[in-house]
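In what follows, a structure is listed as structure tokens, so that the remarks can point back to it.
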Amino acid sequence: MRYHVLACDFDDTLATRGAVADETVRALERVSRSGRRLLLVTGRELDDLLAVFPHADLFDLVVAENGALLYDPGERTRDTLAPPPPEEFVERLKGQGVTPLGVGAVIVATREPYDEQVNDAIRDFGLELQVIRNKGAVMVLPPGVNKASGLATALRRLNLSQHNVVAVGDAENDHAFLAAAECGAAVANAVPALRAQCDLPLDGEDGAGVVELAELLLSGELDERPIPRHDVLLGRAGGDGGGEVRLPPYGAGLVVAGPSGSGKSTVTTALLERLIEGGHQCVVIDPEGDYAEFPEAAVLGDPDRPPGVEEVLKLLESPEQSAVVNMIGMALRDRPAFFAELLPRLTALRTRLGHPHWVVVDEAHHLMPAELQEVPIKDVRDLGSLLMITVHPEALSPAALRLVGTVLAVGARPGRTLAAFADALGRPAPPGDGLPEGGVVLWRCDADRAQPVEVEPARTERTRHRRKYAAGTMSKDKSFYFTGPANRLRLRARNLHTFIELSEGVDEETWLYHLERGDYSRWIRESLGDDELADAVAGVERCERGERDARDSLRRVTALIEERYTLPSEPTKYDPDHDDR
């Protein structure tokens, strides 16, 4: 499910003239029994609220005083979230006969027309206080304190995210509150400005509107309602118009596909950066270390230590922490089993807490190959959204491909990439004529045509692949094989470290055979995606043709690699020709 939290205002939302109808209470009870959390977010002082509302214990937490106080009904604890009002400020208002005058742990509240006296006192004392209005009520609070800030504190206490919240209110002080939620709803009696800006204007007034919202929530209908303000920017449409191209943040099944070195990781990084910036928790399943340098997430695992399922889940308890699950130190044969164990655990975590919001699977064809009849997920919404990255979409399990609603074809021959995807599912491919070469093409699978997109670049640049290719374990199809001129050998280099080790041990004839064929630069360009190093090595290959100086060319190639990559000081601990690792 998408929404795990219902957050309600009290006066003129839950309550009509201070009383909550029995039908509204029963609707709240149904929401609570569904496993969702209830939050009450009100401008009232807590004691005043508890005096008129005997059902406060229905709520997991109560945010009172317009965001300034947090109350736990189960523990009966109160936490003030800001400093108390200045005593001289309160005394001046009392001395001026301001009435009513409520003084809470933090809030000072009165009504119009005493806002003039309030503003004069703030100015005369030189105080940094804000005045918030609510249908004639005047509330004075420290700067930055409002219902949205109180909601954020309550969510942190529960390890929940604003992207799993639907909030409902009615008044001027609910603008920030509704905007902070994934879906903001306004009852029919709300002020016009709030109804105009909310995501969901309700038909019912007060508690009847809350009952209406509860039914939409429990039926699942609310999950399917698009909230355009949360759509994630991908880029701009190519060709005429150039309007923004956005992706929905929930229920998305995406594939990013294209040849090695085409820019798949660049596109994915840009999208990840904007998702995390928007408060979405992302998990990158990274078999080959492509995202080990991604600065927006904690990296679990390295070439010397594979990640563990439990440490991944523990890190993700907080919705504010995204993760890269770096499997580079894990044997190739162990990776699919690790993935098959992790994915259902991520689904269970999301069922309990509503996050992660996006799961990204790099090299998805290795973890969910075409031979796999079933994958550990039946619906992308069980994970929030799913993004799979692959060189060959046809190499993915059909069960995984059926989860996809959008394809991003990257690099050369995008029409061929889209055709391979469509053919794997037995559906018609979009026309490939006129699609640009070397860019990004988006195909929404329910559309007749694909669309060129100029992807909005990421702010940060990464050093791609360096850790992976220096010391990690590359897949078989990306490894280098020393075979020699008569295929006498089959020595596999899984990374640059073992490439150098093997180079120093092979005979001169084998080294020169691959050198003169340009195999070294071709491998670096196609499998490592490092064009700069490939060009430099190609220069050595051209210079050495005809010279037959194996030792000198080996020294020069080794120096070029070591200049760009940090290699481990210890020799490898595995047999480089043992292909089942």
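Taking UniProt numbering, I'd label the letters of the sequence shown as residues 1 to 581. Even glycine gets a Cβ: it sits at the ideal position worked out from N, Cα and C. Only a predicted model underlies this, so the values are computations on that prediction, with no experimental measurement involved.
Where residue i falls, given that 16 or more other Cβ within 10 Å makes a residue buried
i: residue 478; result: buried
i: residue 282; result: buried
i: residue 571; result: Low confidence applies to residue 571: its pLDDT is 46, below 50, so where it sits in the model is not reliable enough to give any reading.
i: residue 180; result: buried
i: residue 124; result: exposed
i: residue 487; result: exposed
i: residue 184; result: buried
i: residue 555; result: exposed
i: residue 465; result: Because residue 465 sits at a pLDDT of 46, beneath the cut-off of 50, its placement in the model cannot be relied upon, and the point is left open.
i: residue 362; result: buried
i: residue 529; result: buried
i: residue 352; result: exposed
i: residue 574; result: Residue confidence is low: residue 574 scores 40 on pLDDT, short of 50, so the model does not pin down where it sits. No coordinate-derived value is stated.
i: residue 498; result: buried
i: residue 8; result: buried
i: residue 14; result: buried
i: residue 449; result: exposed
i: residue 265; result: buried
i: residue 6; result: buried
i: residue 85; result: buried
i: residue 376; result: buried
i: residue 246; result: exposed
Residue i at chain B interface by Cβ criterion, 8 Å
i: residue 131; result: Included in the structure is just one protein chain, with no chain B present.
Reference residue i, options the options, closest by Cα
i: residue 563; options: 550, 214, 543, 537; result: 537
i: residue 425; options: 194, 397, 368; result: 397
i: residue 508; options: 72, 483, 531; result: 483
i: residue 404; options: 372, 436, 446, 416; result: 446
i: residue 490; options: 497, 502, 129; result: 502
i: residue 144; options: 194, 78, 66; result: 66
i: residue 105; options: 244, 118, 87; result: 87
i: residue 78; options: 96, 89, 50; result: 50
i: residue 110; options: 141, 301, 476, 367; result: 141
i: residue 331; options: 304, 242, 172, 532; result: 304
i: residue 286; options: 98, 135, 389; result: 389
i: residue 237; options: 457, 228, 481, 452; result: 452
i: residue 516; options: 118, 543, 345, 504; result: 543
i: residue 273; options: 96, 263, 295; result: 295
i: residue 309; options: 290, 346, 278; result: 346
i: residue 496; options: 428, 559, 165; result: 559
i: residue 205; options: 413, 10, 349; result: 10
i: residue 334; options: 262, 307, 350, 314; result: 307
i: residue 379; options: 401, 367, 364, 80; result: 401
i: residue 533; options: 565, 2, 36, 480; result: 565
i: residue 41; options: 26, 175, 458, 121; result: 175
i: residue 301; options: 290, 278, 320, 329; result: 329
Residue j beta carbon less than 8 Å from that of residue i
i: residue 299; j: residue 312; result: no
i: residue 473; j: residue 442; result: no
i: residue 419; j: residue 438; result: no
i: residue 527; j: residue 540; result: no
i: residue 169; j: residue 158; result: no
i: residue 45; j: residue 132; result: no
i: residue 271; j: residue 234; result: yes
i: residue 256; j: residue 269; result: no
i: residue 23; j: residue 211; result: yes
i: residue 182; j: residue 162; result: yes
i: residue 341; j: residue 475; result: no
i: residue 513; j: residue 485; result: yes
i: residue 423; j: residue 454; result: no
i: residue 72; j: residue 37; result: no
CB-CB length for residue i against residue j, believed under 8 Å
i: residue 260; j: residue 391; result: 6 Å
i: residue 68; j: residue 62; result: That belief does not hold up - the Cβ atoms of residue 68 and residue 62 are roughly 12 Å apart, past 8 Å.
i: residue 399; j: residue 372; result: 7 Å
i: residue 254; j: residue 343; result: Residue 254 to residue 343, Cβ: 16 Å. No contact.
i: residue 32; j: residue 70; result: Incorrect: roughly 19 Å between the Cβ atoms, too far for contact.
i: residue 297; j: residue 323; result: 5 Å
i: residue 200; j: residue 39; result: That pair is no contact at about 17 Å.
i: residue 384; j: residue 428; result: Going by Cβ atoms, the distance from residue 384 to residue 428 rounds to 29 Å, so no, they are not a contact pair.
i: residue 242; j: residue 410; result: Not really, about 20 Å apart at Cβ, beyond 8 Å.
Residue i - containing beta strand (DSSP E), residue span
i: residue 78; result: 77-80
i: residue 64; result: 61-64
i: residue 406; result: 406-411
i: residue 451; result: 451-455
i: residue 7; result: 5-8
Range covered by the alpha helix (DSSP H) that runs through residue i
i: residue 513; result: 508-517
i: residue 119; result: 115-125
i: residue 178; result: 175-180
i: residue 276; result: 264-277
Check: residue i C-beta below 7 Å from any heavy atom of the ligand MG
i: residue 185; result: As far as ligands go, the structure on display features none, and thus does not contain the ligand MG.
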